[in-house]
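Protein chains in written order, with our numbering: chain A, 1 to 375; chain B, 1001 to 1375; chain C, 2001 to 2375.
We treat Cβ as the ideally placed atom computed from N, Cα and C, and that holds for glycine.
These numbers come from a predicted model, not from an experiment.
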Amino acid sequence: MIDELVEQLRDRPLIDHHVHGAWLSDGDRSRFENALNEGSTDPLPGWDSGFDNQLGFAIRAHCAPVLDLEPHAAADAYWQRRTSLGEAEVARRFLSAAGVSDWLVDTGFPGETCEPEELAALSGAHDHRVIRLESLAEQAIADSANYAEAFPALLEATITQEQAVGMKTVAAYRTGFDLDWSEPAAGSVVEAAARWRDSGGRRLTDPVLINFGIRSALALQKRRGGLPLQFHVGFGDRDEDLHRTDPLLLLPLLREFADASICLLHCYPFERQAGYLAQAFAGVYLDVGLAINYLGARSPSLIARSLEVAPFGKLLYSSDAYGPAELHLLGAHLWRSGTAQVLSHFVERGEWSTTDALRVAGMIGSENARRLYRL
Amino acid sequence: MIDELVEQLRDRPLIDHHVHGAWLSDGDRSRFENALNEGSTDPLPGWDSGFDNQLGFAIRAHCAPVLDLEPHAAADAYWQRRTSLGEAEVARRFLSAAGVSDWLVDTGFPGETCEPEELAALSGAHDHRVIRLESLAEQAIADSANYAEAFPALLEATITQEQAVGMKTVAAYRTGFDLDWSEPAAGSVVEAAARWRDSGGRRLTDPVLINFGIRSALALQKRRGGLPLQFHVGFGDRDEDLHRTDPLLLLPLLREFADASICLLHCYPFERQAGYLAQAFAGVYLDVGLAINYLGARSPSLIARSLEVAPFGKLLYSSDAYGPAELHLLGAHLWRSGTAQVLSHFVERGEWSTTDALRVAGMIGSENARRLYRL
Amino acid sequence: MIDELVEQLRDRPLIDHHVHGAWLSDGDRSRFENALNEGSTDPLPGWDSGFDNQLGFAIRAHCAPVLDLEPHAAADAYWQRRTSLGEAEVARRFLSAAGVSDWLVDTGFPGETCEPEELAALSGAHDHRVIRLESLAEQAIADSANYAEAFPALLEATITQEQAVGMKTVAAYRTGFDLDWSEPAAGSVVEAAARWRDSGGRRLTDPVLINFGIRSALALQKRRGGLPLQFHVGFGDRDEDLHRTDPLLLLPLLREFADASICLLHCYPFERQAGYLAQAFAGVYLDVGLAINYLGARSPSLIARSLEVAPFGKLLYSSDAYGPAELHLLGAHLWRSGTAQVLSHFVERGEWSTTDALRVAGMIGSENARRLYRL
Chain A
1 MIDELVEQLR DRPLIDHHVH GAWLSDGDRS RFENALNEGS TDPLPGWDSG
51 FDNQLGFAIR AHCAPVLDLE PHAAADAYWQ RRTSLGEAEV ARRFLSAAGV
101 SDWLVDTGFP GETCEPEELA ALSGAHDHRV IRLESLAEQA IADSANYAEA
151 FPALLEATIT QEQAVGMKTV AAYRTGFDLD WSEPAAGSVV EAAARWRDSG
201 GRRLTDPVLI NFGIRSALAL QKRRGGLPLQ FHVGFGDRDE DLHRTDPLLL
251 LPLLREFADA SICLLHCYPF ERQAGYLAQA FAGVYLDVGL AINYLGARSP
301 SLIARSLEVA PFGKLLYSSD AYGPAELHLL GAHLWRSGTA QVLSHFVERG
351 EWSTTDALRV AGMIGSENAR RLYRL
Chain B
1001 MIDELVEQLR DRPLIDHHVH GAWLSDGDRS RFENALNEGS TDPLPGWDSG
1051 FDNQLGFAIR AHCAPVLDLE PHAAADAYWQ RRTSLGEAEV ARRFLSAAGV
1101 SDWLVDTGFP GETCEPEELA ALSGAHDHRV IRLESLAEQA IADSANYAEA
1151 FPALLEATIT QEQAVGMKTV AAYRTGFDLD WSEPAAGSVV EAAARWRDSG
1201 GRRLTDPVLI NFGIRSALAL QKRRGGLPLQ FHVGFGDRDE DLHRTDPLLL
1251 LPLLREFADA SICLLHCYPF ERQAGYLAQA FAGVYLDVGL AINYLGARSP
1301 SLIARSLEVA PFGKLLYSSD AYGPAELHLL GAHLWRSGTA QVLSHFVERG
1351 EWSTTDALRV AGMIGSENAR RLYRL
Chain C
2001 MIDELVEQLR DRPLIDHHVH GAWLSDGDRS RFENALNEGS TDPLPGWDSG
2051 FDNQLGFAIR AHCAPVLDLE PHAAADAYWQ RRTSLGEAEV ARRFLSAAGV
2101 SDWLVDTGFP GETCEPEELA ALSGAHDHRV IRLESLAEQA IADSANYAEA
2151 FPALLEATIT QEQAVGMKTV AAYRTGFDLD WSEPAAGSVV EAAARWRDSG
2201 GRRLTDPVLI NFGIRSALAL QKRRGGLPLQ FHVGFGDRDE DLHRTDPLLL
2251 LPLLREFADA SICLLHCYPF ERQAGYLAQA FAGVYLDVGL AINYLGARSP
2301 SLIARSLEVA PFGKLLYSSD AYGPAELHLL GAHLWRSGTA QVLSHFVERG
2351 EWSTTDALRV AGMIGSENAR RLYRL
């Protein structure tokens, strides 16, 4: 049963609804190993290997064969082979093996990574753009004296110009979710913008303006249709207060915008809370991307937890890959194998039919995203 | 091993220690499908099917045969058959197939559902009543100028008159659990009642009066014996702040009333926290009802989590069924099959003996409730 | 596969990096049964058996044979056999069967339990000491008028004198972790110490002094090297506010002391949060000891959760045993069998190689602790 499901899932292209660019130019081993740690903002300690964790083991198990090595190749051998091929060839191999038809790329954190078009070209897939609110806000404060009008205008213009299909907020990193989510009073946005500009207008962390940005995005979504708003939730680097990203803290906002299309990304370790919100609000969706890669051999249990109280029409696939293209492939591979394992367990116990299992896998892998993002 | 356990459990009647009435009169498909969503207070969106979730799949798997359909019957076929039989016949079939000897019915939220006596008659079982504090409080404020004396008097009179075996609070919905749980000062109850009456005396949400109601109930329990107080905990509709229903927030109250008989209901996703409280306090019990139905194929993992730090004498069975009688049956069926699966896994690995497994299943299924509620 | 792993792990000695003494003198049955409940501070209720929980079942399954009984021996038979052997012989049997090479003993909560040297002698292992900050603080306030200098001096002197390898804080019990973790102002430590002394200087619960104690320990660690600081996290008795021991509440402290060696102990039910911190900070380690014993047949799932986002070089083994020596053995036994089960599942699914599984088990069982504590 599991083999049948794995085979069926292998041939179905996925929509990766939240991803970043891949590296195309060569880097050293510390760049690579540090990219396998999401939580830390420091270099790895000397005694540690960036491979000694679930993600590193999963790369050795599943990515090594794509580079013509045996599964579970040693870390040194893996690095050597990777270097001899060069980053561009490595990226080409992984991206084309991922079986993804559409990449929805968050371009708000570019670093050394490639453009959406390059991702598409290397994989024979389509690319789409997702606009990060806080990056635009930082542009708006620099360019305009009238932030309260400039930001919504810049947001709409950017979306039109880039033909973006969605928006994204990193409020999780900037304020956490335990905000006063009520509508800011008329003057308070202007005042907060002035304070921010006076303090240099760098990284946006003002709660009034974070709230204002999100509300502007939801107003635009209502007016234009489509344009789901993605929220980074849970697992991320240590700059965020992880406990302040429990998505239940979004309840006041969700109750006010009860029909808004909202995607809760990653969610670990709050995936049950996110699933609950997906049941409670018609427009709330979730994925457990990013964490699937980091959990490696343990990711089937995470996928299983995402299949609890969330309606099946509200689950999405993403990799949240950034940097090494191993992550673009591995997210897809682990999602397929983990989903096959979880669903075949349901079927073997007589809880689901095989037909249902295939239908739900198709919904999560691409159909829900196609409907939601109007692809 | 699992087959033996399933068979043994099939023949043992359960005590459903927290349940509501079933529908007996016909309704349309949207009433039915909306009843399969606990979190949302809105109608389902047009594109969604109320069957496309774990509960819907579990109904198609396990309830369809009771209506003479094949397991996994299509949603349309299921609805058609259900309609042709009529709600009363549907209810009769499911209630009598549930294998429940005693229903403890929370009558505080009646809606279109039947009376406890009807539930008993249709299933050949006994019925008992559980009194909801907040419903009585709303009666007391309307009928009396002296709330602080009227509420405890009405509570005791109602319990005597209805021969109630327990009490229930929905503080989770009204205030959450992050209250000041200390004893309200003499005048503050009177003042809070006056404020509430002046504002119309509708839905009770005043924290002083919620606290007062619970303390009145615990005082009555101490004086009369028996009469456990049930707390709605966790999973429910989006009116509640789910994160404010973490049962650990009850610690100050539990420490003050360290011997009180208290049942934590549902608990998802705080079942580990609830299990901890059941170990820490001699009078605290828990169930994972309601969530078992909503988790469907995933419910064995929830049952397994409830079998962690809670002493086995502190676990109870409930369905929390309300409305479609599928829920009254399915709760019992999923509890039996999930418990058999979890316990046989313990036995197969040599961790438990078969005798122990059967004994613990009997404790959770009925013996603990019989002792606690003095049935 | 699982048999091979079990066999390999059976022969490898463990380092129990957080443990207490065992009882050597006889006690009555209520002492024993109450020792099987961690959460409650009251005697067990009359109807309950201290054996009717996962820990009790695990003792009957795995400890009974060490006392020459059949696995799953009845509770009465177990108690009878235990009594006839006497506590000292019982301790000798369990301690020598545990397969532990080094005990790191927290001596800050002695009760009726034996000294580290006795633990070592009975098991043929080495003993090392871990110094509890709050016990020393209570000594310092009694002995000195100048607490702000006396405490750090006493801490360093004690560590030198006892050749301690680590330190421990029970801030979880005294204040919880939602403290103001910023550096206390110059005068505030002196003032807080004066207030504490004036109020009798008993149990330290002042947040300024808890913070000061931890900061003094981290300063000493930086100066001397080694000396990891252990934090009690999560599961414990009901005196603590369990929800205030979420280790994410330590983030401000961890960000300030980003290289400090810190061990998060027990962690249940916050093991995912603890694993995240172990990824985010180079010096943070965790174990799931104590909870492994209390979860018994369910402990493999806990061990599996600890193997999610934490790097494998950051996981440790402990029993946190205290009192009955069953706990010293059972922690080791359940860790070995649970780890073998979890890792062989990874290997069977092709996610890990056998070589990797053995290597990681060795890291967690002893190598990480040997490096960290400089044994």
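Original post:
Any C-beta of chain C sitting closer than 8 Å to the C-beta of Asn146(A)?
Top reply: no
Subject >> C-alpha gap between Asn2293(C) and Gly2331(C), whole angstroms >> reply: 5 Å
Original post:
Would DSSP call Arg1374(B) helix, strand or coil?
Top reply: coil
Original post:
Any idea which residues DSSP pairs Ala2022(C) with across the strands?
Top reply: Gly2323(C)
Original post:
In chain order, what residues of the same chain have a beta carbon less than 7 Å from the beta carbon of Ala140(A), not counting five sequence neighbours either side?
Top reply: Tyr147, Ala150, Phe151 and Leu154
Subject >> Same chain only: Cβ atoms within 6 Å of Pro2252(C), ignoring 5 sequence neighbours per side >> reply: Trp2181
Original post:
For Leu2250(C), which residues from the same chain have a beta carbon less than 6 Å from its beta carbon, with the 5 sequence-adjacent residues on both sides left out?
Top reply: Phe2177
Subject >> Start-to-end residues for the beta strand (DSSP E) that takes in Trp103(A) >> reply: Val100 to Asp106
**OP:** List the residues that DSSP assigns as beta-bridge partners of His2232(C).
**Re:** Leu2265(C)
Original post:
Short check: CB of Arg95(A) to CB of Leu122(A), under 8 Å?
Top reply: As written in the sequence, residue 95(A) is Leu, which differs from the Arg given in the question. It is a contact, given that the beta carbons lie within the stated cut-off.
**OP:** Could you give the DSSP three-state label for His72(A): helix, strand or coil?
**Re:** coil
Subject >> the segment 136-170 of chain A: positions lying closer than 9 Å to chain C by Cβ >> reply: none
Original post:
Closer than 8 Å, Cβ to any Cβ of chain C: which residues of the segment 222-248 of chain A, in chain order?
Top reply: Phe235, Asp237, Arg238, Asp241, Leu242 and His243
Subject >> Neighbourhood of Ala1258(B) by C-beta, 8 Å cutoff - its chain only, sequence neighbours within 5 removed >> reply: Phe1281, Ala1282 and Gly1283
Original post:
Does the beta carbon of Trp47(A) come closer than 8 Å to any beta carbon on chain C?
Top reply: yes
Subject >> Extent of the continuous alpha helix (DSSP H) to which Ile210(A) belongs >> reply: Pro207 to Arg224
Original post:
If you check the beta carbons only, do His2328(C) and Ser2337(C) fall under 8 Å apart?
Top reply: no
Subject >> Per DSSP, cross-strand counterpart(s) of His1126(B) >> reply: Asp1102(B)
**OP:** Check each residue of the segment 261-277 of chain A: if its Cβ is closer than 8 Å to any Cβ of chain C, include it; give the result in chain order.
**Re:** Tyr268 and Pro269
Original post:
What residues of chain B sit near Phe346(A), judged by a beta carbon separation below 7 Å?
Top reply: Ala1297
Original post:
Alpha carbon to alpha carbon, how far is Glu183(A) from Phe212(A)?
Top reply: 8 Å
**OP:** Would you kindly report the start and end of the unbroken alpha helix (DSSP H) that includes Val2090(C)?
**Re:** Glu2087 to Ala2097
Original post:
Using a beta-carbon distance cut-off of less than 7 Å, what residues from the segment 1300-1320 of chain B approach chain C?
Top reply: Ala1304, Leu1307, Glu1308, Val1309, Pro1311, Phe1312 and Gly1313
Original post:
Can you tell me where the alpha helix (DSSP H) with Thr1354(B) in it begins and where it stops?
Top reply: Thr1354 to Gly1362
Original post:
Quick check: the segment 1-19 of chain A against the segment 361-368 of chain A, are there 3 or more CB pairs under 8 Å?
Top reply: yes
Original post:
So the alpha helix (DSSP H) Thr1175(B) belongs to, where does it begin and stop?
Top reply: Premise fails: Thr1175(B) is in no alpha helix (DSSP H) and is neither H nor E.
Original post:
How many Å lie between Gln2230(C) and Thr2160(C) at the Cα?
Top reply: 18 Å
Original post:
Okay, do the segment 2306-2315 of chain C and the segment 2073-2089 of chain C touch, 3+ Cβ pairs below 8 Å being the bar?
Top reply: no
Subject >> Residue-chain proximity (Asn34(A), chain C), Cβ-Cβ < 8 Å >> reply: no
Original post:
When you check each C-beta in the segment 1331-1360 of chain B against every C-beta of chain A, which residues fall closer than 9 Å?
Top reply: Ser1337 and Gln1341
Original post:
Should the segment 57-64 of chain A be called in touch with the segment 78-95 of chain A, which here means at least 3 C-beta pairs below 8 Å?
Top reply: yes
**OP:** For Asp2016(C), name the three-state secondary structure that DSSP assigns.
**Re:** strand
**OP:** For the segment 2171-2196 of chain C, enumerate the residues whose C-beta is nearer than 9 Å to any C-beta of chain F, in chain order.
**Re:** You won't find chain F in this structure, because its protein chains are A, B and C.
Subject >> Closer than 9 Å at the beta carbon, the chain A residues around Tyr1294(B) >> reply: Gln279, Glu308 and Val309
Original post:
With a cut-off of 8 Å, does the C-beta of Leu2251(C) fall near any C-beta of chain A?
Top reply: yes
**OP:** Report the rounded CA-to-CA distance for Leu2044(C) versus Leu2055(C), giving the unit in angstroms.
**Re:** 15 Å
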